[in-house]
């Protein structure tokens with residue numbers, strides 16, 4: 001029951017998580033495990049004859065196999081034969097351990113490859129999730145599921161299940177062999193070693209399961225607290241709250257390491273329990289020989305029991321330790337199994353979206369899944385190619401949500417987005433976004449060179465520097481680049497920490513231009529800038545109107561909309577006015 005509940009169920013869940021080619025390798029690894037287990041037993045079998053011969057050389061003549069070897073190699077004395085057996089045993093153990101080491105190496109190499117493939121798989125799974133998922137879930141848990149869980153699966157589940165399988169084969173093989181050779185020792189092993197193993201594990205398995213889940217949760221929440229302190233360092237220092245955040249992180253960490261202490265204690269405890277039980281077995285053998293008058297057979301029984309215990313004690317210990325690891329990491333099964341990678345159309349094979357005439361926002365209504373009220377209701381806007389439109393309204397009126405729907409990040413409850421009267425569905429939105437440059441207030445910058453940030457997603461060696469320089473000029477970044485020692489190769493720092501707000505926004509514009517888009521969307525892109533810098537950015541945007549870009553701009557500063565053909569005022573999710581700039585100046 002113990003094995004069927006943990007071992008077999010774990011094997012089934014591992015099988016369901018692995019891909020077909022990984023399953024084939026897993027079967028091969030388990031074949032190696034069987035070989036390794038049998039080699040272990042063969043090595044162990046060589047110990048007994050050596051002990052018998054050393055204890056009583058007359059066994060050479062009474063045992064058929066030993067007598068055959070003795071005569072076959074023409075030995076003239078028991079001492080020479082004993083030395084031969086010892087050397088042979090050493091060679092067997094040398095070969096056994098060499099093969100075992102190779103198999104273990106391949107096991108770890110296999111598990112590491114599984115971890116790498118699972119990390120890649122998890123990464124794809126999460127990056128293919130819709131935009132709303134990232135808004136509704138904590139980034140620390142996403143990071144954990146991508147970077148940590150696959151490693152925990154490989155090292156905390158896969159390796160232990162392989163180790164358990166190896167030791168199970170060894171233990172069963174030894175037990176069966178002893179059962180055939182000496183039923184008394186078999187009975188002792190059955191009565192003493194195995195029940196103690198099962199009772200011990202049953203007494204701790206529920207605690208181990210609980211500790212594993214708690215450790216995973218505490219680790220994620222601690223990382224969350226640390227990230228919040230690091231990314232909000234200005235506010236932390238301004239409020240003089242360093243100690244608060246340190247305590248906030250350290251208190252759960254103390255509990256986390258306390259749980260680790262308990263788990264590690266549970267993993268080493270079986271060795272002590274099994275050692276005590278083995279000594280009890282030796283005592284029982286002595287008592288058997290003393291009280292039943294079988295002193296003659298006592299040494300023989302002791303040798304068999306001691307040899308079996310010598311190998312089975314560490315085996316049983318590793319089996320308990322492996323089961324503890326598997327139970328401790330059992331939560332990874334649910335995380336890796338949930339939400340399989342959604343089917344994604346091959347981007348290369350998707351049909352190009354043609355934009356020659358218009359964008360029709362057709363009767364769009366939207367509400368978030370966990371909300372009752374609509375954020376947008378019956379929005380209708382017709383934008384002709386080359387138009388420049390503005391969106392105004394109070395914060396929370398639905399302007400940015402409308403932009404997310406145009407981008408295909410959010411799916412409307414009702415209504416549709418039509419490009420040249422063609423419906424943009426989820427698949428087409430991938431190609432549709434190729435035509436859009438999106439510049440927002442909190443623009444994301446990579447911690448790499450200026451060139452790599454503009455040519456977002458391209459290796460430095462693949463960047464078209466002629467196009468890059470043209471985009472730098474159009475975005476009015478050329479004066480900045482000239483002052484930099486490394487020019488386009490200059491590192492911008494984490495989140496653009498080496499740049500001003502205006503410079504970051506110009507990089508955002510340059511990135512969109514490098515992408516060769518047809519539509520530029522500015523979502524509060526200048527809100528965090530001072531008036532002078534904002535006017536400079538607006539002037540840069542205004543200069544782009546001659547390039548026949550279709551521009552959609554959200555802003556609270558009406559002066560930023562002077563180049564717009566039409567301005568739509570949104571209030572509580574509805575369009576209440578269509579205006580011209582002159583009428584609101």
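Numbering (full-length UniProt numbering), first residue to last: 1 to 585.
Beta carbons: idealized from backbone N, C-alpha and C, even for Gly.
This structure is a prediction, so every number in the text was calculated from the model and none was measured.
Starting from residue i, trace the alpha helix (DSSP H) in both directions and tell me its first and last residue.
i, result
"residue 415", "Not the alpha helix (DSSP H): residue 415 falls in the beta strand (DSSP E), residues 414 to 419."
"residue 574", "Unbroken run through residue 574 is the beta strand (DSSP E), 574 to 579; no alpha helix (DSSP H)."
"residue 452", "450 to 454"
"residue 169", "159 to 181"
"residue 42", "20 to 45"
"residue 131", "131 to 136"
"residue 503", "501 to 514"
"residue 70", "64 to 72"
"residue 401", "399 to 407"
"residue 152", "149 to 153"
"residue 13", "9 to 17"
"residue 444", "It is not in any alpha helix (DSSP H) - residue 444 carries neither H nor E in the DSSP assignment."
"residue 465", "465 to 474"
"residue 354", "Here residue 354 belongs to no alpha helix (DSSP H), and DSSP marks it neither H nor E."
"residue 139", "139 to 143"
"residue 334", "331 to 337"
Is it buried or exposed for residue i, if we count other Cβ within 10 angstroms and need 16 for buried?
i, result
"residue 386", "exposed"
"residue 428", "buried"
"residue 318", "buried"
"residue 486", "exposed"
"residue 345", "The predicted position of residue 345 is uncertain, since its pLDDT is 47 and thus under 50; a value taken from the coordinates is nonetheless stated next. With fewer than 16 other Cβ atoms within 10 Å, it is exposed."
"residue 136", "exposed"
"residue 600", "In the structure as shown, the chain starts at 1 and stops at 585, and residue 600 therefore has no counterpart that could be examined."
"residue 549", "buried"
"residue 333", "buried"
"residue 250", "exposed"
"residue 76", "exposed"
"residue 191", "exposed"
"residue 375", "buried"
"residue 276", "exposed"
"residue 147", "exposed"
Out of the options, state which residue places its alpha-carbon closest to the alpha-carbon of residue i.
i, options, result
"residue 424", "396, 570, 486 and 359", "359"
"residue 581", "572, 405, 388 and 448", "388"
"residue 157", "487, 85, 104 and 331", "331"
"residue 383", "553, 28 and 146", "553"
"residue 479", "373, 363 and 507", "507"
"residue 306", "52, 67 and 13", "52"
"residue 572", "104, 402, 122 and 138", "402"
"residue 273", "253, 247 and 313", "313"
"residue 483", "464, 474, 465 and 503", "503"
"residue 524", "154, 417 and 438", "438"
"residue 517", "141, 353 and 26", "353"
"residue 246", "190, 229 and 202", "229"
"residue 535", "521, 559 and 519", "559"
"residue 84", "70, 109 and 31", "70"
"residue 258", "141, 214, 326 and 432", "214"
"residue 337", "102, 19, 416 and 112", "19"
"residue 476", "538, 102, 256 and 325", "538"
If I measure Cβ to Cβ from residue i and keep anything under 7 Å in the same chain, skipping five residues before and after, which residues do I get?
i, result
"residue 514", "454, 455, 467, 468 and 471"
"residue 414", "363 and 365"
"residue 170", "37, 40, 41, 311 and 315"
"residue 565", "387, 388 and 389"
"residue 342", "A caution first: residue 342 carries a pLDDT of 46, below 50, which makes its placement in the model unreliable, though a value can still be read off. Excluding positions up to five away in sequence, the list reads 128."
"residue 339", "Note on residue 339: pLDDT 48, under 50, position unreliable in the model; the coordinate value appears next. So the list reads 125, once near-sequence residues are dropped."
"residue 166", "33, 36 and 37"
Looking only at its chain, what residues have a beta carbon closer than 8 Å to the beta carbon of residue i, apart from the 5 residues adjacent to it on each side?
i, result
"residue 11", "161"
Can you give me the start and stop residues for the beta strand (DSSP E) that residue i sits inside?
i, result
"residue 437", "436 to 440"
"residue 105", "That residue, residue 105, is in no beta strand (DSSP E); its alpha helix (DSSP H) goes 78 to 127."
I'd like the list of long-range same chain contacts for residue i, defined as Cβ closer than 6 Å, with 5 residues on each side in sequence excluded.
i, result
"residue 576", "569"
"residue 498", "492"
"residue 57", "78"
"residue 46", "89 and 92"
"residue 418", "360 and 362"
"residue 447", "494"
"residue 410", "404"
Per DSSP, which residues does residue i bridge with? Please list them.
i, result
"residue 553", "390 and 522"
"residue 423", "418"
"residue 486", "None; residue 486 has no bridge partner."
"residue 360", "382 and 418"
"residue 568", "391 and 578"
"residue 366", "376"
"residue 224", "Per DSSP, none; premise fails for residue 224."
"residue 491", "449"
Measuring only from the beta carbon, is residue i closer than 6 Å to any heavy atom that is part of the ligand MN?
i, result
"residue 156", "Looking for the ligand MN in the displayed structure turns up nothing, as the structure carries no ligands at all."
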